[in-house]
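Visitor: As given, the protein sequences belong to chains A and B, one line each in that order. Going left to right, the first sequence walks through residues 175 to 494 as this note's numbering numbers them. Going left to right, the second sequence walks through residues 293 to 564 as this note's numbering numbers them. Using N, Cα and C, we set each Cβ at its ideal position, and we do this for glycine too.
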Amino acid sequence: MAETATAAGPGARLRDPTFWGDNAALIGLILIGAAFSLLTPYFLTWGNITALLVSASILIVLATAQQFTIVAAGIDLSIAANLPWSAVVFGLTYNAGWGTAGAIVAAIAAGALVGTLNGLIIAKLKVNDFIATLGMLGVMSGVALIASNGQSFSVFSTFLQTLALGSIGPIRYFYLIALVVVLAAHIVFKYTAFGTHVLATGGNREAARNMGIPIDRMRVAVYAINGALVGVAAVLLVSRTGGADPSIATDELLSSIAAVVLGGSSLFGGRASMLGTVAGALVLTTLLNGFTLLQVSSFYQPIAVGVVVIAAAVLSRFQQ
Amino acid sequence: MSARHHDTQTKAPVLEVTGLTKAFGAVQALSGADLVCPRGEVTALVGDNGAGKSTLIRCITGVHPFDDGEVRFNGEPVRLSSPTEARARGIETVYQDLALVEDLTVWQNMFLNRELKRGIGRFGMLDRRRMIAESQSRLERLLVNMPPVRSRVRRLSGGQRQSIAIGRAASWGSTLVIMDEPTAALGVRERESVEQLIGRLRDDHIAQLIISHDLEQVMRVADTVWIMRRGTTIAHWRVADVSRERIVAAITGADGGNHRATTAEAPTTVVE
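1. What does the alpha-carbon distance come out to for the pair B/T525 and B/A457?
2. Keeping to the same chain, check which residues put their C-beta closer than 8 Å to that of B/I424; ignore five residues upstream and five downstream.
3. Report all residues from its chain with a CB closer than 7 Å to the CB of A/T459; omit the five preceding and five following residues, and keep chain order.
4. Under 8 Å Cβ-Cβ, which residues of chain B neighbour A/I387?
5. Can you round the beta-carbon distance between A/Y268 and A/V329 to whole angstroms, since I take them to be within the 8 Å contact cut?
6. If you follow the beta strand (DSSP E) that B/Q500 is in, where does it begin and where does it stop?
7. To which residues does DSSP link B/S429 through a beta bridge?
8. For B/L585 versus B/V445, is the C-beta distance shorter than 8 Å?
9. Return the CA-CA distance between A/E426 and B/G491, expressed in angstroms with no decimal places.
10. Could you name the residues of chain A that B/V393 contacts, counting a contact when the two beta carbons are closer than 8 Å?
11. Does DSSP put B/E482 in a helix, in a strand, or in coil?
12. Tell me the DSSP secondary structure of B/H356 in three-state form.
13. Taking a Cβ distance cut-off of 8 Å, strictly less, list which residues of the stretch 443-466 of chain A are near chain B, in chain order.
14. Can you name the start and end residues of the beta strand (DSSP E) that B/M520 belongs to?
15. Pull up the CB-CB distance for B/H484 and B/Q509, whole angstroms please, since I reckon it's below 8 Å.
16. Alpha carbon to alpha carbon, how far is B/N437 from B/R460?
17. Examine chain A for any beta-carbon lying closer than 8 Å to the beta-carbon of B/T353, and answer yes or no.
18. Taking 8 Å as the threshold (C-beta atoms), are A/S430 and A/L236 in contact?
19. Based on Cα-Cα distance, which residue from B/G342, B/T310, B/I349 and B/Q320 lies nearest to B/T544?
20. Counting only Cβ pairs nearer than 8 Å, list the residues of chain B close to A/T370.
21. Along the stretch 460-487 of chain B, where does the CB come closer than 7 Å to a CB of chain A? Name the residues.
22. Within a Cβ cutoff of 7 Å, which residues of the same chain sit near A/I389, ignoring the five residues on either side of it in sequence?
23. Look up B/E333 in the DSSP assignment and say whether it is helix, strand or coil.
24. Does the distance from the CB of A/A246 to the CB of A/R393 come in under 8 Å?
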């Protein structure tokens, strides 16, 4: 019966179609990486891999943020506005003399505030996740414009420059931060009661309620964490671009959702795979990176990304 | 058959319900329901759809507050305000939906919201190894066809899921396990293994209250049977002393109500 699957060796795992569905992103990443390595000698160089990881870092943090809401059977569309809003808060507080640490705290708090509002609207006012965060997307893009007078502005900080460009040996700080965020999320989901309760809330809300898990509080908590992580991503964004832009048109919203789905987490909640989510974010970034190396017109890039997402969705049908 | 009944006069009631009433607006869902669940016995609650069985259970376990009447648990009058409070007192309910999370493993479900931790306070890390080992030993003792505790519930059969849900309910030092239609969705073999599990819990001196539509099953596993109709418990018998036809007649009202005399003549398990 089914119980053999967990006990069997690697051979049986490879023959199991659910293995391929569960690890679609990782397999896709290896295939795409192999293809680009064959097509251009520049792909598999340390310099290019570093550039790839650095440009994937913000997406990885945002996808981790998205992972928290998706695991709890929610979704956050307001990321696309919360990111520039938190960046603007960072810029305004930093330029007002709060110092780097103060501005970082302010940006994360600003993101967490938006996330908490999302959570309260969803859990307490019983508004559908999609609608609540879609509304918040509009509200916060307006607030970000008002707070900054609609102007983008520069932020000069040696700390941020070090963050963007510095490294420990060959390891850049920038993706090290993303790695820390991912590891922390992995530990939360796998090794804490809170993470288990989030998984239960997303997997079977009624069962979680029956077992005495405060599901409303769990849902507010995941949106608050989501918002705080968007704040972290905003700090990375300001550090990378050297400024805050309230109207930054970000395609990171769709990418963040795509990365999580590519990574094998169900959009219906209950399953978290941080390794998958990272692989999903890397697949999307690798496509852009490889196309740039091959000098494929950037007009083709969204097409490739879309095709990969759909292909991953087809593969994920083999998930149990 | 009668061997398992002969010592019932010494079995203390875990749960005693007297004259429970509950109205939802203008609808009188319960109008004076009684129930006794003795330690180490299986008590069956039968009745037509809408007779008030589920409402009675929800009032006992604190899902709904009741209007009037008394619930005594181990002799002490209680008025529970939530299933969590009921659980803290050792009253576990296995609902028809089983309250299992399919994407979590067997051991994660066993310890859901009762996780064992290493380190201090609520921020400690999960003690996975200990939870896996304890799930293994607890379930091993109860289940014949034991699924691996590390597999996700999604991979288990209906009977295995039912057994895990009952096993979880029984393994938390519970004194009363309430089951709503425990075998309604199962095939013959799986039903048998769940009934074996019910037998094993009886041997462990756990009081069990079972809602069932399957009268054959009631005759097989229960010690006493209580009949509900229109919000009241109209009769109860030792299963050994009653025929299936008699029960059917009481459920449907076809006996014209003469069961009342029988009930009065044959008071069951309550001891002073």
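Guide: From the atom records:
1. Inter-residue distance for B/T525 and B/A457 is about 28 Å (C-alpha atoms, whole angstroms).
2. So the list reads W399, V441 and R442, once near-sequence residues are dropped.
3. These residues qualify, in order along the chain: L226, S229, A230 and L233.
4. Contacts between A/I387 and chain B, judged by CB atoms closer than 8 Å, involve L404 and N405 in chain order.
5. Confirmed, Cβ separation roughly 6 Å.
6. Segment A499 to I503, the beta strand (DSSP E) holding B/Q500.
7. Under DSSP, no beta-bridge partner is assigned to B/S429.
8. Within the shown structure, residues of chain B are numbered from 293 to 564, placing residue 585 of chain B beyond reach of any answer.
9. Their Cα atoms are separated by approximately 58 Å.
10. In chain order: L373, A374, G377, N378, A381, A382 and G444.
11. The answer is helix: DSSP assigns B/E482 an H, G or I state.
12. DSSP places B/H356 in coil when its eight states are reduced to three.
13. G444 and R445: these are the residues of the stretch 443-466 of chain A whose beta carbon lies less than 8 Å from some beta carbon of chain B, given in chain order.
14. Note, B/M520: beta strand (DSSP E), T516 to R521.
15. The sequence as given places Glu at residue 484 of chain B; His does not occur at that position. Wrong, their Cβ atoms sit about 10 Å apart, outside the cutoff.
16. Each residue's alpha carbon lies about 15 Å from the other.
17. Output row for B/T353: interface = no.
18. Cβ distance < 8 Å, so A/L236 and A/S430 count as in contact.
19. Among B/G342, B/T310, B/I349 and B/Q320, the Cα nearest to that of B/T544 belongs to B/G342.
20. Going along chain B in sequence order, the residues near A/T370 (Cβ under 8 Å) are L396, Q400, L404, E407 and L418.
21. Those residues of the stretch 460-487 of chain B that come within reach of chain A (Cβ to Cβ, closer than 7 Å) do not exist; the list is empty.
22. Here the set comprises T375, R379, A382 and R383.
23. B/E333 falls in the coil class under three-state DSSP.
24. A distance below 8 Å separates the beta carbons of A/A246 and A/R393.
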